[in-house]
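For the sequence shown, position 120 matches number 288 in our numbering, and the numbering has no gaps at all.
Virtual Cβ for every residue (Gly too), placed ideally from N, Cα, C.
Model, not experiment: these values are computed from the prediction.
All remarks here apply to the structure that follows.
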Amino acid sequence: MLVMSHQLINMLSERIASGLKRKTITSCSRWAENYRVMGKPYPGKWTFDHHPWVREMHDCDDNIIVGQKAAQMGFTEVALNKVFYEIDVNATSCLYILPASTPDAKDFSSARFDPALELSSHLQNLFSDVKNVGHKRAGSANLFIRGTRSPNHLKSLPVGFIVADELDEMVQKHLALASERLSGQVEKQEFKISTPTIDDFGINAEYRRSTQDHFFFKCPRCSRLIELIFPECMVITSDDPDDIKIKGTYIVCSKCKGRLEHEDKINFLKNGIWVPAKTDKMIRGFHINQMYSMSIEPYELARLYLTAQTNPSDEQEFFNSKLGLTHVVEGASVTDSELVKCQGSHKKTTRDTSGSLITMGVDVGKFLHFEICKWHIDTTKQTSDINIMSTAIILNEGKVSHFEELDLLMRDFNITFCVIDANPERRKALEFAQRFWGSVRLCFYTSGLSGKAIKIHPEHEHTISVDRTSWLDLSLARFMRTAIKLPVDTSFEYKAHIKSLVRIYSKDASGNPVGKYTKGNVADHFAHARNYCEIALSLGANLGASHNIEGVL
Numbered sequence: 169m170l171v172m173s174h175q176l177i178n179m180l181s182e183r184i185a186s187g188l189k190r191k192t193i194t195s196c197s198r199w200a201e202n203y204r205v206m207g208k209p210y211p212g213k214w215t216f217d218h219h220p221w222v223r224e225m226h227d228c229d230d231n232i233i234v235g236q237k238a239a240q241m242g243f244t245e246v247a248l249n250k251v252f253y254e255i256d257v258n259a260t261s262c263l264y265i266l267p268a269s270t271p272d273a274k275d276f277s278s279a280r281f282d283p284a285l286e287l288s289s290h291l292q293n294l295f296s297d298v299k300n301v302g303h304k305r306a307g308s309a310n311l312f313i314r315g316t317r318s319p320n321h322l323k324s325l326p327v328g329f330i331v332a333d334e335l336d337e338m339v340q341k342h343l344a345l346a347s348e349r350l351s352g353q354v355e356k357q358e359f360k361i362s363t364p365t366i367d368d369f370g371i372n373a374e375y376r377r378s379t380q381d382h383f384f385f386k387c388p389r390c391s392r393l394i395e396l397i398f399p400e401c402m403v404i405t406s407d408d409p410d411d412i413k414i415k416g417t418y419i420v421c422s423k424c425k426g427r428l429e430h431e432d433k434i435n436f437l438k439n440g441i442w443v444p445a446k447t448d449k450m451i452r453g454f455h456i457n458q459m460y461s462m463s464i465e466p467y468e469l470a471r472l473y474l475t476a477q478t479n480p481s482d483e484q485e486f487f488n489s490k491l492g493l494t495h496v497v498e499g500a501s502v503t504d505s506e507l508v509k510c511q512g513s514h515k516k517t518t519r520d521t522s523g524s525l526i527t528m529g530v531d532v533g534k535f536l537h538f539e540i541c542k543w544h545i546d547t548t549k550q551t552s553d554i555n556i557m558s559t560a561i562i563l564n565e566g567k568v569s570h571f572e573e574l575d576l577l578m579r580d581f582n583i584t585f586c587v588i589d590a591n592p593e594r595r596k597a598l599e600f601a602q603r604f605w606g607s608v609r610l611c612f613y614t615s616g617l618s619g620k621a622i623k624i625h626p627e628h629e630h631t632i633s634v635d636r637t638s639w640l641d642l643s644l645a646r647f648m649r650t651a652i653k654l655p656v657d658t659s660f661e662y663k664a665h666i667k668s669l670v671r672i673y674s675k676d677a678s679g680n681p682v683g684k685y686t687k688g689n690v691a692d693h694f695a696h697a698r699n700y701c702e703i704a705l706s707l708g709a710n711l712g713a714s715h716n717i718e719g720v721l
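What follows is the structure, given as C-alpha cells:
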C-alpha cells in the first residue's frame, strides 16, 4: 500500500513538474532546447552553441520570414523546430513544401522527420500517425508534406504555418497556391528558405523585398562589430587546391585584419546579432554564408574556390551553396554588350519576297511572341551542320494576340518553316499547323534526347520533341558568336527576354558539369521564339539524318 502511494505521489509530482515546465515554454527557441534531441555532428539536447545565428530565427514572429542561405547552416532544422512547436504548443496544422513529392517528400521523411522522432521521446508521444509520407497526424493538428510539381496537391489544406524549403528548385508559379492555404487564418506565418541561384529569382526575389539582415559579431581582436565576407575575410595559403599548405587557410577580421581562429568561433559568435540593411520592410530576411560554420574549416572553402576557377559547376556551387549569393558564370547568359555587337543597320520589315530561306519561331502565352529570320548559309565553312554554317538576320520580332494573325505573317514573309510552342494552346496551335500542312511543327521540350537531335512524330500529329538546354545553348550562342543581326529598332522587350535566361550549372551522378536554363522575374518569351526559329532552320533546310534529325518522314 505504501509502495503504491509512493508511486502515485511520484507520478503526480512528475505531472505537476511537467505542467509547470510546459507553462515556461513560451517561445520556439525554448521549446527546441527542452524537447529537441540531435544526432551528429553535435549529438545531444538541442543547443544554439554551434549555430547561434538561428536563435532569433526561431522566435521571429513576422508573417513572412525569408532565408537566403549557404548550405548546411541550420535553416532546415529551424524550419523543423518551428513546425514541431506550432503543432505541439499551438495545435496549428502545418504545410511543409519541397520541390517535388517524389523523391523529396520521401527523403525528407526518412532523413529529417523520422530521425527527429527517434531521438526525442517527446516527439514520439506527440505524433499518433506517421505512416503516410505526405501526412503526419498529431492530435487535432496535421503536418502535410507536399511537392510543387502538382498544383492539386497544394489545394484544400487549411493550415496556419507554411515552410517552403529549397524555394529555387520549386515550380515558382505554383507557390501562390500554397500561400493561399493561409487564407482565413487569424494567426499565420510563412518561412521560405533556399540557397540562391540568380538575381531576382526564387529566394533572391523574396530576399530583396525583405529587411536583408546580416549576422554581425564583435571582433575578439579589435572589438569592432563586423561580419564575415569573402574574400576580404579569408587568407588562402596556396593556389593549388591539392597542396597540403592549403590547410593553413584562415579567416581574418575585415577591419583590423587580425586572425580569427576557427576553433574559437563558438566563443566570438555566441553574442552575435542580426543587423538589417533595410528597416522599412514588412518581410524579415536573413542571410549567412559558410564562413560562419563551425563544422566547415576555412581550407575546405578555399579548395572549392580554387577549383571553381576552371570548373563552371564548382563556380556555381561556391557562390550559391558556400557563400549563399546569386551568381552567373561567364558566358551563361547574353549580355548587353553582346547585343550591341549584333546590331545591324537594317530596320524591321513587314514582308519579304526575296525567296530566301526564312523561318519563324512562336512562343505561346498570353500573347504570341514571334521571331522571323532570313538565313545566309556559308557553304565554304568546313562543317555539315546547317546551324553552324548559317548567319541569322532578324527581319521582324513582336507579338500578336490571335493565331490567325500568324497566318498573315506566314504569307507576307513567305515562311519556309515555322516551329511553334505546343503548349498551352495545343488545339489552336494544331489548327494553325494544319492550315500550313508540312510547314509548321508544334514543339515539345523533353528529356531523353541527346544534343541537337530532333524527334519528329507522325506527320498528322504535326509535332516534334527536342532537348531544351542543347537547343538554347545553340540559339543563344549566336549573340556571343555575333552570328545574328538585329534590326536597329529591335524592341527593348525582345532584348530583355533574350538576357533573362541564365544557364545554371550543377553536376550529374558521374560528377560531370551539366546545365539548365532558368530565368529571373523578367519574362523569356522571345528567348524561346528565338529557339524555335533556330530549330525551324534545320527542318526548313530539309537536311535529313546527316544533320542529326531523327525520324524525318
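With 16 other Cβ atoms within 10 Å as the buried cut-off, status of residue i
i, result
"VAL327", "buried"
"GLU358", "buried"
"ILE419", "buried"
"ALA470", "buried"
"ASN457", "buried"
"GLU348", "exposed"
"HIS628", "exposed"
"CYS611", "buried"
"ALA709", "buried"
"TRP605", "exposed"
"ALA704", "buried"
"ASN689", "exposed"
"VAL508", "exposed"
"LEU576", "exposed"
"GLU702", "buried"
"ASN435", "exposed"
"SER706", "buried"
"GLN484", "buried"
Integer Cβ distance of residue i from residue j, believed to fall under 8 Å
i, j, result
"ARG671", "SER501", "7 Å"
"LEU474", "PRO409", "4 Å"
"HIS693", "ASP531", "4 Å"
"SER643", "ARG698", "5 Å"
"LYS687", "LEU669", "5 Å"
"PRO283", "GLN380", "Not quite, the Cβ-Cβ distance comes to about 33 Å (not below 8 Å), so this is no contact."
"VAL331", "VAL205", "About 21 Å; that fails the 8 Å criterion."
"PHE585", "SER569", "About 23 Å; that fails the 8 Å criterion."
"LEU437", "PRO220", "5 Å"
"GLY242", "VAL222", "5 Å"
Any non-hydrogen atom of the ligand FMN within 6 Å of residue i CB
i, result
"ALA691", "This structure simply doesn't include the ligand FMN, nor any ligand for that matter."
Sheet register partners of residue i (DSSP bridge)
i, result
"TRP442", "PHE383"
"VAL234", "LYS360, GLY453"
"ILE687", "Going by the sequence as given, residue 687 is Lys instead of Ile. LEU669."
"ASP333", "ILE361"
"HIS544", "THR559"
"ASP531", "HIS537"
"ILE652", "ALA560"
"PHE585", "THR527"
"CYS401", "Note: CYS401 sits in no beta bridge, so no partner."
Beta-carbon gap between residue i and residue j smaller than 7 Å
i, j, result
"ARG609", "VAL634", "no"
"SER489", "THR363", "yes"
"ILE394", "CYS421", "yes"
"GLY426", "ARG389", "yes"
"ILE583", "MET528", "yes"
"PHE454", "GLY235", "yes"
"GLU565", "TYR662", "yes"
"ALA695", "ILE652", "no"
"ILE562", "LEU654", "yes"
"LYS360", "GLU374", "yes"
"LYS516", "ASP657", "yes"
"ALA306", "LEU294", "yes"
"GLU224", "TRP442", "yes"
"VAL301", "ALA279", "no"
"THR417", "TYR460", "no"
"ARG377", "ILE451", "yes"
"ARG392", "LYS423", "yes"
"VAL339", "ARG317", "yes"
Do the region 480–495 and the region 266–284 touch if we need at least three Cβ pairs shorter than 8 Å?
-> Touching, no, given that fewer than three Cβ pairs across the two stretches are closer than 8 Å.
Decide yes or no for the touch test of the region 474–481 against the region 225–233: beta carbon pairs closer than 8 Å, at least 3 of them.
-> No, the region 474–481 is not in contact with the region 225–233.
Between the region 535–542 and the region 513–527, do three or more beta carbon pairs fall short of 8 Å?
-> The region 535–542, when compared against the region 513–527, does touch it at the 8 Å Cβ threshold.
Any chance the region 247–266 sits against the region 328–336, with 3 or more Cβ pairs inside 8 Å?
-> Because the criterion of three Cβ pairs below 8 Å is met, the region 247–266 and the region 328–336 touch.
Flag this pair as touching only if the region 253–261 and the region 192–201 have three or more C-beta atom pairs under 8 Å; answer yes or no.
-> Cβ pair count under 8 Å is three or more, so yes.
When the Cβ atoms of the region 544–559 are set against those of the region 587–606, are three or more pairs found closer than 8 Å?
-> Verdict: no, contact absent.
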